[in-house]
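Every number in this note's numbering is 42 more than the matching position in the sequence shown, counting from 1.
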Amino acid sequence: MDVEFEKYFLKKNSAKKRNMAWFKENIKYLGPDYELISGFMGTDRRVTFYHKECKKYWNPLARNVVYAHSHCPCCKSRAGLKHLKEYCENNGFTIVDEYINYMTVIRFKKNECNHIFKKSPSNLIHKNIHGRCPVCYRHFEKLDDDVKKMIQWRKDRNIPQIQLAEMLYVSTATISNTERGKRKLRPEEKQRLLSYMDSLTFRG
Numbered sequence: 043m044d045v046e047f048e049k050y051f052l053k054k055n056s057a058k059k060r061n062m063a064w065f066k067e068n069i070k071y072l073g074p075d076y077e078l079i080s081g082f083m084g085t086d087r088r089v090t091f092y093h094k095e096c097k098k099y100w101n102p103l104a105r106n107v108v109y110a111h112s113h114c115p116c117c118k119s120r121a122g123l124k125h126l127k128e129y130c131e132n133n134g135f136t137i138v139d140e141y142i143n144y145m146t147v148i149r150f151k152k153n154e155c156n157h158i159f160k161k162s163p164s165n166l167i168h169k170n171i172h173g174r175c176p177v178c179y180r181h182f183e184k185l186d187d188d189v190k191k192m193i194q195w196r197k198d199r200n201i202p203q204i205q206l207a208e209m210l211y212v213s214t215a216t217i218s219n220t221e222r223g224k225r226k227l228r229p230e231e232k233q234r235l236l237s238y239m240d241s242l243t244f245r246g
């Protein structure tokens, strides 16, 4: 048999097998929650399902259903949202914008400092070390060593900014601006801070 004819023959017969019965056999993994409401015109065409669980229509390429075992993206999105909510709750973040998917950038707020920033959920979860605020971290790298020590000391002892402000007889805004690199500690503030740090460290 001629090689080209053989390829054509096999392709022709293979195509004949890919009918509705063949397609239905290969989508059984979806289970009864998915109702096929369109015809099947080949693996390169789109088909339509109605997903009973989320009550939405799903319009994938047939080949993605058969060969990649795809599922309704709505449910995948909900699983991603659940994971994101758990992460934010455990690390002190608030989701500001509506969640779209794992890779789409949205706004978050760090509850401790109230900074609002933009990140994809994927980057927030997988590239954010120790659940820190990315805004604070960017400023932190540029701060004086004394201020870095102050921030680390305050956080190690769970001392809020308002309490530290009372210790130094300054406003909370002053502490916030100092920690963000917008102002420097005055000599008397630094001396008072070092005194409190030594005193509380010794007692601890």
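Each residue gets a CB set at the ideal place from its N, CA and C atoms; glycine is no exception.
Spanning the alpha carbons of residue 240 and residue 132 requires a straight line of approximately 31 Å. Going by beta carbons, residue 217 and residue 233 fall outside the 8 Å limit.
DSSP places residue 65 in the helix class (H, G or I) of the three-state scheme.
In this structure, the beta-carbon distance from residue 75 to residue 105 does not fall below 8 Å. With 16 or more other Cβ atoms from the protein chains shown falling within 10 Å of its own Cβ, residue 167 counts as buried. With contacts defined by Cβ atoms closer than 8 Å, residue 158 and residue 151 form a contacting pair.
Going by beta carbons, residue 184 and residue 134 fall outside the 8 Å limit.
Linking residue 213 to residue 237 through their CA atoms gives a straight-line distance of about 19 Å. Membership of residue 98 in the beta strand (DSSP E) is indicated by the continuous run 98-100. The alpha-carbon separation between residue 182 and residue 112 amounts to approximately 44 Å.
Taken atom to atom, the span from the alpha-carbon of residue 175 to that of residue 137 is near 13 Å.
Looking only at 91, 219, 83, 127, the smallest Cα-Cα distance to residue 64 is reached by 83.
Residue 221 is positioned such that its CB atom lies closer than 8 Å to that of residue 189. Here residue 163 is buried, its C-beta having at least 16 other C-beta atoms within 10 Å.
With fewer than 16 other beta carbons inside 10 angstroms of its own, residue 79 counts as exposed. If you keep only unbroken alpha helix (DSSP H) runs of at least 4 residues inside the segment 152-231, you get 163-168, 176-182, 187-198, 203-210, 214-221. When only Cα atoms are considered, residue 165 and residue 129 end up about 12 Å apart. Per DSSP, residue 109 lies in no beta strand (DSSP E); the unbroken alpha helix (DSSP H) holding it starts and ends at 104-109. If you draw a straight line from the Cα of residue 193 to the Cα of residue 179, it is about 11 Å long. Bounds of the beta strand (DSSP E) holding residue 136 are 135-137.
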